[in-house]
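K.L.:
Residue numbers (my numbering), protein chains in the order written: chain A, 26 to 539; chain B, 30 to 375. This is the structure I have questions about; it appears just below.
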Amino acid sequence: MNVLSSRPDGPAAEPFTRLPCLHLDGIVKRFPGVLALKGVTLDLQAGEVHAICGENGAGKSTLMKVISGQLSPDEGCITYLGEKRTFKSVNDAERMGIAIIHQELNLVPHLSVAENVYLAREPVTLGFINRRKMVSDTQHCLNRLAVNIDPMMLVKKLSVAQQQMVEIAKALSLNAKVLILDEPTSSLTETETAQLFGIIKELKVQGVGMLYISHRLDEMQHIVDRVTVMRDGSHVSTRPFCETSVDQIVADMVGRSLDEKFPPRTSVPTQKVLLKVNNFGRKGAFQSINFELRKGEILGFAGLMGAGRTEIARAIFGADSIDTGSLELQGQTLSIKTPQDAIRHGVAYLSEDRKSDGLALKMSLASNITLANMDAVCNAFGFIKFKEEEAAAHKYIKSLGIRTPSTHQVTRLLSGGNQQKVVIGKWLFRDSKILFFDEPTRGIDVGAKYAIYELMDTLAAQGIGVVLISSELPELLGMSDRILVFHEGRLTAELEARDTSQEEIMHFASGYTQ
Amino acid sequence: MSDLSISKQSEPGGVGSVNKERRRELLQKFGALASLFALVIVFATTSQAFLSMGNGMSVALQVTSIAFLGLGATAVIITGGIDLSVGSVLALAGVADALAIKAGASIPLGILVGLTVGGLCGAINGLFITRLKLPPFIATLGMMLVARGFALRLTDAQPVSGLGQGFATLGNGTLFRIESMGDDGFPNVIFPGIPYPVVIMIVLAVGLWLVLSRTRLGRHIYAVGSNAEAARLSGVNVARVTLFTYVLSGVLAGLTGCVLMSRLVTAQPNEGVMYELDAIASAVIGGTSLSGGIGSVSGTVIGAFTIGILRNGLNMLGVSSFTQQIIIGVVILLTVCIDQLRNRKS
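Set out below in structure tokens:
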């Protein structure tokens, strides 16, 4: 794509010699309490592979949803093939030739390849599906990709890579001019990835513009023409790939300054090993994980999406099973098979998604706080001592600063930060020795964040081992003593927080070995 | 722990909303109760016999079977499940009770057999649901057919009769019956007494109310229905709690079977068809949410009485049973619609 690399980057000073096939201007998208996209500008040429990079939460997915019609922007405009457009739905965007291939493939497993490709727009003759036409058209699309898949095959019998080819074939059948690929290689083997890249190159020749979202910077050199970096919902830079470097991209991605406020660390990690994880492994999630958590320490878990951090924490907590490995708690080998076992041994896990698996949202604040430790507020016959439950709830409302009108407030009605504090209160009430905080500050405001940081420090000072799983590098650097970096289910680095940098962490996290 | 400084931001869920939530809850409780009273007033003005002591007791007696099953259904539905098998299980349990007595067992032992059979059916439901992860709808649908089939096979579809006068006590006996001997030599009934089933219903309702609202087990039942994964990750034994509710539902179905057969003094293998729907309806009219996590004993009792009084009152007005079905169906639809609208607003 010489046209592109020869063209200087930045706002177009001179008129385009050739119209971009897609142009976004000042796209703003608001969610309740969050500004997800802060005026993003982006253009895509026909026949170009344009990579979009950014940390988790940088706004990539939101932007793709705006382009593919899943979300409508609050401000800004989309120019597609020279005309201003608003896409009202995915179907609307698809009809115009914009197709998105999600990381989680959206195929119906019990239908055939052809039925999937033409789902909801089956060729019809006299009200009946014209199967012959559907199959031959599908075959034609598959031929264009030069892949050997039988259009009559049921999708559930195909490999993940083949299913992805079917998704691409579907996009071709839509006559797509813009194709969005969201982490397309995340579940592919090396050969399959090579095959996919072959197809991408083929599509380039056919003039399809592609937006390529990936965490794998190492792979991009094979196919990418230009790279746009996003951060915190804003456009940071767009450069031709040949004029940039992985270091530059990483620097743009993490460019956030460390001036975010963190409380001074009062806790001092000891050398006493609290938890030892030996050769932990679970098929398809993580393998050969070895690390130690020390008393009074905050241990950071860094990694990009799919690195396996949450999976490891859940396995230690007994929420998911493991295939290999063992756990030692203060020198004693443990058998943790269920969360009950883990809780009994003083291990607590504050889940990443507090709504789906942290809180019983229909229940009151008090009920949620005591849920993991009902024994403490029940008499010998299992009757709840409501006075003590009230007292416990009041204690944590006060010490955690939970803003709520009463202990009976249904947790669904609390704000995100307060909900998170309720979850934390639940585990503090349990007197846990080891606490896993999985993205504890996601979606909560700055004030509440600071309170949670302070709390983590206080807990560590009390001799509790704290594990902080976070996608926010400043947070990891600001709060942790040591940082473990994961990449695709493997531990790639163990770093001292005071001696490392965002760039170094990001290098190990993207699997790009220096 | 140190007090943590918190920024004073305005947040959703302030003081106003909790009052709103409470008011809404009260309104619903009160609304259900008010419509029940409205029904009573309507029937009392249209039918003279409706508001008599005798009819009151007979309504209460008729309501018992819906209430027994409804209480079990409430526990099951709060966990997010459903039990379609209770109508059949009550028939099987009643038949087992009668056959045991025919075979020479004492009356209490016969009842124990009935309760055990009910509990076993419930346990099988619960195990299929918790161990083999069958959807509750399917597991209990299967049990509905299997239990009915067994009841019919065991009796060759014939009623089991000749069970003796003692067998009738559970269903027909009363507490505090007061009579005086009349001049004509026949006793005059001063107070008809409280039928045993009504006494049992009161005891069970109070008992389950205590369990659901005051105990750890009850809290766990709500937690499982509100968010099973959160409950599991908080150390709740989700499988055991779920299993308990199905066993409870089964035992209560067994009890219903024993009581119904005792009232008829015959074991009818065809008894209880569609009763599961009355049970579910009473829970739903009482505000139990089919998606789990919400429900109460008081609501279900109100729901059971609403259905019972509607039937009784309409009978007295001479409304045909077909029209009754239509009316009760509409009542269920309306209640759930109001519930949905209420939820959508929040």
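We treat Cβ as the ideally placed atom computed from N, Cα and C, and that holds for glycine. Small disclaimer: the values here were computed from a predicted structure and weren't measured.
(1) Does any residue of chain B have a CB that is nearer than 8 Å to the CB of Leu-396(A)?
(2) Looking at chain B, is there any beta carbon in it that lies within less than 8 Å of the beta carbon of Ser-496(A)?
(3) Which chain A residues are close to Leu-246(B), counting only those with a beta carbon under 9 Å from its beta carbon?
(4) With respect to the beta strand (DSSP E) encompassing Leu-299(A), which residues constitute its N-terminal and C-terminal limits?
(5) Could you pull the start and end residues of the beta strand (DSSP E) that Phe-326(A) belongs to?
(6) Applying the 10 Å Cβ sphere with the 16-neighbour rule, what's the burial state of Pro-45(A)?
(7) Spell out the partners DSSP gives Ile-223(B) in its beta bridges.
(8) Which residue wins for smallest C-alpha separation from Thr-395(A), given the options Thr-210(A), Leu-453(A), Ser-346(A), Ala-485(A)?
(9) Does any C-beta atom of chain A lie closer than 8 Å to the C-beta of Leu-262(B)?
(10) Would you say Ile-368(A) reaches chain B, if we count a Cβ-Cβ gap shorter than 8 Å as a contact?
(11) Is it buried or exposed, Phe-59(B), if we count other Cβ atoms within 10 angstroms and call 16 or more buried?
(12) Which same chain residues end up closer than 6 Å to Gly-147(B) when comparing Cβ atoms and leaving out the 5 residues on each side of it in sequence?
(13) Relative to the ligand MN, is the shortest distance from any of its heavy atoms to the C-beta of Gly-101(B) smaller than 7 Å?
(14) Quick one: Cα of Gln-187(A) to Cα of Met-177(A), how far?
(15) Could you pull the start and end residues of the alpha helix (DSSP H) that Asp-382(A) belongs to?
(16) Using a Cβ distance threshold of 8 Å, determine whether the stretch 182 to 189 of chain B contacts the stretch 313 to 320 of chain B, with at least three qualifying pairs required.
(17) On the premise that His-135(A) lies in contact with Lys-195(A), defined as a C-beta separation below 8 Å, what is that separation, rounded to the nearest angstrom?
(18) Using only the alpha-carbon positions, how far apart do Ala-96(B) and Leu-339(B) sit?
(19) Show which residues of chain B have a CB atom less than 9 Å away from the CB atom of Gly-371(A).
(20) According to the neighbour-count rule (16 or more other Cβ atoms, all chains shown, within 10 Å of its Cβ), is Leu-215(B) buried or exposed?
(21) Compute the Euclidean distance between the alpha carbons of Arg-177(B) and Val-365(B), then round it to the nearest angstrom.
(22) Can you tell me whether DSSP reads Phe-273(B) as helix, strand or coil?
(23) Along chain B, in chain order, which residues have C-beta atoms closer than 8 Å to that of Leu-384(A)?
(24) Under the rule that 16 or more other beta-carbon atoms within 10 Å means buried, what is Glu-73(A), buried or exposed?
(25) Any Cβ of chain B within less than 8 Å of the Cβ of Gln-365(A)?
(26) Beta carbons nearer than 8 Å to chain C: which residues of the stretch 323 to 346 of chain B have them?
(27) Quick one: measure Cβ to Cβ for Ala-373(A) and Leu-460(A), integer angstroms, because I've assumed they're closer than 8 Å.
(28) Which of the three DSSP states, helix, strand or coil, is assigned to Val-138(A)?
(29) Kindly give me the distance between the Cβ atoms of Val-448(A) and Leu-375(A), rounded to whole angstroms, as I take these residues to be in contact under 8 Å.
(30) Thinking Gly-254(B) and Thr-108(B) are a contact (beta carbons under 8 Å), I'd like their distance in whole angstroms, please.
(31) Find out if the Cβ-Cβ distance for the pair Leu-509(A), Gly-325(A) is shorter than 8 Å.
(32) Would a C-beta distance cut-off of 8 Å place Ile-52(A) and Leu-236(A) closer than the cut-off?
(33) With a threshold of 8 Å, are at least 3 pairs of Cβ atoms found where one atom belongs to the stretch 122 to 137 of chain A and the other to the stretch 86 to 98 of chain A?
(34) Mapping DSSP to helix, strand and coil, what is Asn-315(A)?
(35) Does the Cβ of Arg-248(B) have 16 or more other Cβ atoms within 10 Å, making it buried, or fewer, making it exposed?
(36) How do the stretch 229 to 249 of chain B and the stretch 405 to 425 of chain A stand: do at least 3 beta-carbon pairs fall below 8 Å, yes or no?
P.N.:
With the structure as the only source:
(1) As a first step, residue 396(A) must be located in the first sequence, where it is residue number 371. Taking Cβ atoms only, chain B reaches closer than 8 Å to Leu-396(A), which makes this a yes.
(2) In the first sequence, residue 496(A) corresponds to position 471, counting from 1. No, no contact with chain B.
(3) Counting from one through the second sequence, the residue named residue 246(B) turns up at place 217. Under the 9 Å cutoff, chain A gives Gly-407.
(4) Along the first sequence, read from residue 1 onward, the residue named residue 299(A) stands at position 274. Run containing Leu-299(A): 298 to 307, per the beta strand (DSSP E) assignment.
(5) Here residue 326(A) is taken as the residue at index 301 of the first sequence, counted from 1. Run containing Phe-326(A): 323 to 328, per the beta strand (DSSP E) assignment.
(6) Position 20 of the first sequence holds residue 45(A). With 16 or more Cβ atoms within 10 Å of its Cβ, Pro-45(A) is classed as buried.
(7) The residue you call residue 223(B) lines up with position 194 of the second sequence. Ile-223(B) pairs with Leu-204(B).
(8) Start at 1 with the first residue of the first sequence, and residue 395(A) comes out as number 370. When each option's Cα is compared against that of Thr-395(A), the closest is Leu-453(A).
(9) In the second sequence, residue 262(B) corresponds to position 233, counting from 1. Output row for Leu-262(B): interface = yes.
(10) Within the first sequence, the letter at position 343 stands for residue 368(A). Yes, contact with chain B.
(11) Residue 59(B) sits at position 30 when you count from the first residue of the second sequence. By the 10 Å Cβ count, Phe-59(B) comes out exposed.
(12) Residue numbering aside, residue 147(B) sits at position 118 when the second sequence is read from its first letter. So the list reads Val-118, Ala-122, Gly-279, Val-280, Ala-282, Gly-283, once near-sequence residues are dropped.
(13) As for the ligand MN, it is missing from this structure, which has no ligand bound.
(14) Locating residue 187(A) in the first sequence gives position 162, counting from the first residue. Locating residue 177(A) in the first sequence gives position 152, counting from the first residue. Rounded to whole angstroms, Gln-187(A) to Met-177(A) spans 14 Å at the Cα level.
(15) The residue given as residue 382(A) occupies position 357 in the first sequence. Asp-382(A) -> alpha helix (DSSP H) spans 379 to 382.
(16) no
(17) Here residue 195(A) refers to the residue found at position 170 of the first sequence. Here residue 135(A) refers to the residue found at position 110 of the first sequence. That pair is no contact at about 17 Å.
(18) In the second sequence, residue 96(B) corresponds to position 67, counting from 1. In the second sequence, residue 339(B) corresponds to position 310, counting from 1. Roughly 15 Å separates the two Cα atoms.
(19) Here the question's residue 371(A) lines up with position 346 in the first sequence. Under the 9 Å cutoff, chain B gives no residues; its nearest Cβ is about 12 Å from Gly-371(A).
(20) For the purposes of this step, residue 215(B) is taken as residue 186 along the second sequence, with counting starting at 1. Reading off the sequence, residue 215(B) comes out as Phe, not Leu. That one is exposed.
(21) Start at 1 with the first residue of the second sequence, and residue 177(B) comes out as number 148. Start at 1 with the first residue of the second sequence, and residue 365(B) comes out as number 336. Roughly 30 Å separates the two Cα atoms.
(22) The residue given as residue 273(B) occupies position 244 in the second sequence. Three-state result, Phe-273(B): helix.
(23) Within the first sequence, numbered from 1, the residue matching residue 384(A) stands at position 359. Ordered by position in chain B, the residues that pass the 8 Å Cβ test against Leu-384(A) are Asn-256, Ala-259.
(24) Within the first sequence, residue 73(A) is the residue found at index 48, counting from 1. Looking at its Cβ environment, which holds 16 or more other Cβ atoms inside 10 Å, Glu-73(A) is buried.
(25) Taking the first sequence and counting its residues from 1, one reaches residue 365(A) at position 340. Taking Cβ atoms only, chain B reaches closer than 8 Å to Gln-365(A), which makes this a yes.
(26) Any reference to chain C falls outside this structure, whose protein chains are A and B.
(27) Taking the first sequence and counting its residues from 1, the one referred to as residue 373(A) is at position 348. Taking the first sequence and counting its residues from 1, the one referred to as residue 460(A) is at position 435. Correct: roughly 5 Å between the Cβ atoms.
(28) Locating residue 138(A) in the first sequence gives position 113, where the first residue counts as 1. Of the three classes helix, strand and coil, the one that applies to Val-138(A) here is helix, per DSSP.
(29) What you label residue 448(A) is simply residue 423 of the first sequence in a count that begins at 1. What you label residue 375(A) is simply residue 350 of the first sequence in a count that begins at 1. 5 Å between Cβ atoms; contact.
(30) Sequence index remark: in the second sequence, residue 254(B) carries index 225 (1-based). Sequence index remark: in the second sequence, residue 108(B) carries index 79 (1-based). Correct: roughly 5 Å between the Cβ atoms.
(31) One-based indexing of the first sequence puts residue 509(A) at position 484. One-based indexing of the first sequence puts residue 325(A) at position 300. Yes, they are a contact pair.
(32) Against the first sequence, residue 52(A) aligns to sequence position 27. Against the first sequence, residue 236(A) aligns to sequence position 211. Result no, Cβ atoms of Ile-52(A) and Leu-236(A) do not sit closer than 8 Å.
(33) yes
(34) Numbered from its first residue, the first sequence carries residue 315(A) at position 290. Asn-315(A): strand per DSSP, three-state reduction.
(35) The count along the second sequence starts at 1 and reaches residue 248(B) at position 219. Burial call: buried.
(36) yes
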